[in-house]
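Numbering (our numbering), first residue to last: 225 to 561.
Yeah, the Cβ is synthetic: ideal placement off N, Cα and C, and Gly gets one too.
Since the model is a prediction, treat every value here as computed from it, not as a measurement.
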């Protein structure tokens, strides 16, 4: 798997780089200098925090990986059986399966700033976020697995004069302690951390933040459902604004024949520091995906669209566009049997 693994990594790098080069809107008219140089304390994180994506393939049996045993490939196993086994394991975001999801989120028709700061600002720019999300499990004992999930965002954020800031955002590692359970449920709980690693200070709070996180997954027959939740609070760092944010991500998936599936996995965020309860982002939507092989490399892909029903307000205006589109490729790496 060595050469194919290296080719996969090169493909991932090209995908991330290409998404960051999405052309911005045409240059706007020249603005007064103070509008450009002024320090802006906007919250750009609702689409930067990353998300939990699960995939599935058709099956009427109990899903493998529910008891969180390592996912293996058995020599001599038929291709269809192997694909089905890997696809079912990919349904569980905290299964004992090494994977590398690459996720692109695009929100067109966004506005870089409220009109009180820039009277010429319009909903004519696009925010792009590419999240690289390696997932690596470690067996602690026969009854416990530790699953690490790290989100590294690469951001193209609308800015003044029709330009975009292009930089890496804050890195978000999470650790889930997953007990071995029999049946249709999988549970994982642990800590999550926001590291102030952004390469451009305008895309970050400048604060270290941490809090609890948890995942609950129900998997039976053609249905995979569950949710993720976390809340982080700032505790250190040079940024002047405190952080108190929540993320909730319910997910519902339905299996179709030949590896196809329907999925809905909206990311709901709340910034508790916003006044008058106006820090919510609530999208609704769905998509379609499929698990297949590129050569010998198993890949789970999906495409979905979400309407931003509720959007956070800044200075009385909503800056995010009405729609967010999500494209994901998840590379799966089972162990040899």
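>> My assumption, with CB atoms under 8 Å, is that residue 471 sits in contact with residue 453. Please give the rounded CB distance.
In response: Indeed, because the Cβ distance is near 7 Å, the residues count as touching under 8 Å.
**Study point:** Where residue 251 sits in the DSSP three-state scheme
**Key:** With a pLDDT of only 36 at residue 251, under 50, the local geometry of the prediction cannot be trusted, and the value read off the model is given with reservation. Reduced to three states, the DSSP call for residue 251 is coil.
Is residue 458 closer than 8 Å to residue 467 when the C-beta atoms are compared? A Cβ-Cβ contact shorter than 8 Å links residue 467 with residue 458.
**Message:** I want to know whether the region 531 to 539 touches the region 501 to 509 - three or more CB-CB distances under 8 Å.
**Reply:** The region 501 to 509 and the region 531 to 539 touch, with three or more beta-carbon pairs separated by less than 8 Å.
| What residues in its chain sit with their C-beta under 7 Å from that of residue 525, if we drop five residues either side in the sequence? | If we look at residue 525 and ignore the five residues flanking it on each side, its Cβ neighbours are 513, 514, 552 and 553.
DSSP state of residue 481, grouped into three classes? Reduced to three states, the DSSP call for residue 481 is helix.
### Message
Given this structure, state the Cα-to-Cα distance separating residue 455 from residue 342, to the nearest angstrom.
### Response
In a straight line, the C-alpha of residue 455 is about 32 Å away from that of residue 342.
**Asked** Which residues in the same chain as residue 363 place their Cβ atom closer than 6 Å to its Cβ, once the five residues preceding and following it in sequence are excluded?
**Response** For residue 363, same chain residues with a beta-carbon under 6 Å away, outside a window of 5 residues either side, are 369 in chain order.
### Query
Would the beta-carbon of residue 563 fall within 8 Å of that of residue 323?
Residue numbering for the chain in the displayed model covers 225 to 561; residue 563 lies beyond these limits and cannot be assessed.
Is it buried or exposed, residue 496, if we count other Cβ atoms within 10 angstroms and call 16 or more buried? Label assigned to residue 496: exposed.
Worksheet item: If you draw a straight line from the alpha carbon of residue 345 to that of residue 415, how long is it in whole angstroms?
Response: C-alpha separation (whole angstroms): 39 Å.
Review point. Nearest to residue 545 by alpha carbon, out of 337, 350 and 328?
Key: Its Cα nearest to that of residue 545, the residue 350 stands out among 337, 350 and 328.
Review point. Quick one: what does DSSP say residue 384 is sitting in, helix, strand or coil?
Key: Residue 384 falls in the helix class under three-state DSSP.
* So what's residue 427 in DSSP terms, helix, strand or just coil? -> DSSP places residue 427 within a helical segment (H, G or I) once states are collapsed to three.
| So is residue 485 buried or exposed if we call it buried at 16+ other beta carbons inside 10 Å? | Its Cβ being crowded by 16 or more others within 10 Å, residue 485 is buried.
(message) Please report the straight-line C-alpha distance between residue 422 and residue 481, rounded to a whole angstrom.
(response) Residue 422 and residue 481: Cα-Cα distance of roughly 42 Å.
query = Does the beta carbon of residue 331 fall short of 7 Å from some heavy atom of the ligand MN?
reply = The ligand MN is not part of the structure shown, which contains no ligands of any sort.
* Asked: Roughly how many angstroms lie between the CA atoms of residue 425 and residue 465, to the nearest whole one?
  -> Cα to Cα, the separation comes out at about 13 Å.
### Candidates 428, 461, 550 and 390: closest to residue 487 by CA position
Among 428, 461, 550 and 390, the Cα nearest to that of residue 487 belongs to 550.
- Task: Take residue 332 as the anchor and find which of 380, 326, 463 and 439 has the nearest alpha-carbon.
- Result: Nearest option by C-alpha distance: 380.
Legend entry - First and last residue of the uninterrupted beta strand (DSSP E) at residue 520: Segment: none, residue 520 is in no beta strand (DSSP E) and carries neither H nor E.
| Should residue 539 be labelled buried (16 or more other beta-carbon atoms within 10 Å of its own) or exposed? | It is exposed - the Cβ of residue 539 has fewer than 16 other Cβ atoms within 10 Å.
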